[in-house]
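Take a look at the structure set out below.
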Ligand code: AKB
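Numbering (my numbering), first residue to last: 38 to 361.
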């Protein structure tokens, strides 16, 4: 790690919670500043190390936090995801792009040394080869979120080439975790299904049974995020964003896996507007470049991920039911 501290923007979000907890374990509690416009639901994020209430659309406030804590690495996770962005296109574009420019400009001005910024499989669209989607291929997204991520990737690469900004990025697939809920994404069903299966034995999917999407268990995503951010600069030649693959499954496929643990579980299907978004995305991703360049390797497949999710959500429910 470089000499200064780490700032996580969007620490109350699905990725932010897991990332802050892991970074604090690896680099020390006081070296990782969590920030968000919301108060995180997990008290540890606020109590376990420095926390700043930060509106990322206020660049002066961002500068204040960076200078106050001597930040040199920023993980900028704040964004509006695909489903919510379709309902609020102007706000999504503003949040996703303006905040990226603020962080890129901080690095350009020499105030920070390194940036991690997430892209997404949403950069792909209906004209992209949908199976084993290559790193370099047609990217014609049809969602506001996808357009913002594709533009963001190109700006990251531009700032790297023109101004030497050290920015690294991954195209996250749908992420599955139990510590913090996702919000506003098209892949959120793959988290909701576990909570509903355990609590009610039934789930109504907002995607059709045979819609296959690329997904990843959160521990793999966090490991990839920290690995790419800390890889030697010459091991990260791609400065747009790297394809990353974990697993691919359909709603019917994950339901069958859950049934192995909860035999009475049932699922039905009631597709909504998110079906169109899912239909525009690939069903599986080729991540040869990430493997070759910085040594990426996934650890969790569908069965390992399902086992952990069911065990941990059951443990959370049991803990919340303990009465004194
Ligand atoms: C979403 O569904 O919008 C996100 C993503 C794939 O980037 N999870």
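Every residue, glycine too, gets a C-beta built ideally from N, C-alpha and C.
Keep in mind the model is a prediction, meaning the values are calculated, not measured.
Those residues which DSSP pairs with residue 233 across a bridge: Answer is none; residue 233 lacks a bridge partner.
According to the Cβ coordinates, are residue 56 and residue 259 closer than 8 Å? yes
The beta strand (DSSP E) spanning residue 205 covers which residue range? 203 to 205
List the endpoints of the continuous beta strand (DSSP E) containing residue 133. Element bounds for residue 133: n/a, residue is neither H nor E.
Backbone CA spacing between residue 46 and residue 291 [nearest angstrom]: The alpha-carbon atoms of residue 46 and residue 291 are separated by roughly 31 Å.
Are there any heavy atoms of ligand 1 lying less than 7 Å away from the beta-carbon of residue 159, as far as the coordinates show? yes
Measure the beta-carbon distance from residue 283 to residue 210 and round it to whole angstroms, keeping in mind my assumption that it falls under 8 Å. 6 Å
Roughly how many whole angstroms lie between the Cα atoms of residue 270 and residue 203? 8 Å
Using three-state DSSP, classify residue 38 as helix, strand or coil. Residue placement at residue 38 is flagged as unreliable, the pLDDT there being 48, under the threshold of 50; the coordinate-derived value follows with that caveat. Of the three classes helix, strand and coil, the one that applies to residue 38 here is coil, per DSSP.
Once DSSP output is grouped into helix, strand and coil, what is the label at residue 324? coil
Should the region 153 to 171 be regarded as contacting the region 98 to 115, the criterion being three or more beta carbon pairs within less than 8 Å? yes
contact_flag[the region 125 to 144, the region 247 to 256] where n(CB pairs < 8 Å) is 3 or more: With the cut-off at 8 Å, the region 125 to 144 and the region 247 to 256 do not touch.
Does ligand 1 have a heavy atom nearer than 7 Å to the CB of residue 178? no
Just to confirm before moving on: does the CB-CB distance between residue 117 and residue 125 stay below 8 Å? yes
Residue 209: beta carbon under 7 Å from a heavy atom of ligand 1? yes
Can you give me the Cβ contacts of residue 38 inside the same chain, cut-off strictly under 6 Å, excluding the 5 residues immediately before and after it? Only weak support is given to the placement of residue 38: the predicted model assigns it a pLDDT of 48, under 50, and the value that follows is read from those uncertain coordinates. Excluding residues within five positions, the ones whose Cβ falls inside 6 Å are 64.
Any heavy atom of ligand 1 closer than 7 Å to the beta-carbon of residue 119? yes
Could you tell me whether the region 166 to 180 touches the region 310 to 324, where touching means 3 or more Cβ pairs closer than 8 Å? yes
If you follow the alpha helix (DSSP H) that residue 81 is in, where does it begin and where does it stop? 80 to 84
Bridge partners for residue 90 per DSSP, in chain order? 73
With distance defined between alpha-carbon atoms, name the residue in 351, 225, 281 nearest to residue 299. 351
Is residue 314 near residue 180, with beta carbons less than 8 Å apart? Yes; because the gap between Cβ atoms is below 8 Å, this pair is in contact.
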